[in-house]
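Asks: Quick note: to get our numbering, add 666 to the position in the sequence shown (first position is 1). Just so it is clear, CB atoms sit at the ideal spot from N, CA and C, and this is done for glycine as well. Since the structure is predicted, the reported quantities are computational estimates derived from the model, not experimental observations.
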Amino acid sequence: MASAFAHAALGATLGKLFLPEKRHWPYWLAAAACAALPDVDALGYRLGVPYNSLWGHRGLTHSLLAAAIVAAGGVLLSRLVQRVGRPAAARLGLLLFLATASHGLLDAMTTGGLGVAFFSPWHLERYFFPLRPIKVSPLSIRGFFGSRGLLVLASEAGWVGLPCLLLLLGQQWGRPRHFVDASK
Ligand SMILES: [Zn+2]
667 MASAFAHAAL GATLGKLFLP EKRHWPYWLA AAACAALPDV DALGYRLGVP YNSLWGHRGL
727 THSLLAAAIV AAGGVLLSRL VQRVGRPAAA RLGLLLFLAT ASHGLLDAMT TGGLGVAFFS
787 PWHLERYFFP LRPIKVSPLS IRGFFGSRGL LVLASEAGWV GLPCLLLLLG QQWGRPRHFV
847 DASK
């Protein structure tokens with residue numbers, strides 16, 4: 667897996683790109699959480715669920731189906747908790763789907779582990795992308811601290827953090843400017 671930091675950073679970036687208004691910041695956090703969520707399967711891994719099984723790490727929770735379910739659940743939840751000023755359901759649904767699905771995309775660009783079961787439960791094959799520049803993160807928290815964790819973070823800073831930053835800067839610069847007419 668990529669680390670939770672990288673997944674959350676990409677999710678939050680998508681949130682800001684899709685819902686740029688500051689009042690929507692809770693949805694940026696929601697998108698960050700959705701992007702990190704698929705690694706909940708690491709708990710099963712610790713409990714002995716085989717890596718390459720349906721419920722194994724990078725299995726069903728990393729699939730496009732799981733992303734669609736998370737997105738639908740998120741939209742439903744937002745309808746329940748926010749009555750006014752909430753984002754359009756289609757836009758929010760697309761954001762949460764892409765944020766959750768982005769997790770598998772990053773994992774499929776890492777240097778280790780098994781690939782991602784994007785099409786689970788129908789097809790259990792695991793996939794990697796041809797380009798895999800992101801150093802794989804240790805599954806255990808303890809393994810993350812130390813020199814290996816630093817290498818992972820450095821790799822993610824270049825391959826995930828920097829592109830996210832550039833996207834956000836591009837959004838900022840591309841925004842229409844409203845000039846105050848001083849002659850009035
Ligand atoms: Zn993962």
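Ligand 1 heavy atoms versus the CB of P804: any closer than 6 Å?
Replies: The nearest non-hydrogen atom of ligand 1 is 6 Å or more from the C-beta of P804.
Asks: Taking only three categories from DSSP, how would you classify T777?
Replies: coil
Asks: Consider the C-beta atom of P704 and the heavy atoms of ligand 1; say whether any pair is separated by less than 6 Å.
Replies: yes
Asks: Can you give me the C-alpha to C-alpha distance between G760 and A737, rounded to a whole angstrom?
Replies: Strictly speaking, residue 760 in this sequence is Leu, with Gly absent from that position. Their backbone Cα atoms lie some 7 Å apart in a straight line.
Asks: Taking all protein chains shown into account, do 16 or more other C-beta atoms lie within 10 angstroms of the C-beta of G812, making it buried, or fewer, making it exposed?
Replies: exposed
Asks: Output the distance between the C-alpha atoms of Q748 and S786, rounded to the nearest integer angstrom.
Replies: 33 Å
Asks: Mark S806 as exposed unless 16 or more other C-beta atoms lie within 10 angstroms of its C-beta, in which case mark it buried.
Replies: exposed
Asks: Going along the chain, which residues of its own chain have a beta-carbon closer than 7 Å to the beta-carbon of V715, five neighbours each way excluded?
Replies: Hits under 7 Å: W721 and G722.
Asks: In the DSSP assignment, find the unbroken alpha helix (DSSP H) run with L703 in it and report its ends.
Replies: Per DSSP, L703 belongs to no alpha helix (DSSP H) and is neither H nor E.
Asks: In chain order, which continuous runs of the alpha helix (DSSP H) of length 4 or greater are located wholly inside the segment 799-843?
Replies: 807-810, 813-822 and 828-840
Asks: Under 8 Å by Cβ, that's how I've got Q704 and A732 pegged, so tell me the actual separation to the nearest angstrom.
Replies: For the record, residue 704 in the displayed sequence is Pro; it is not Gln. About 7 Å separates the two Cβ atoms, so the contact holds.
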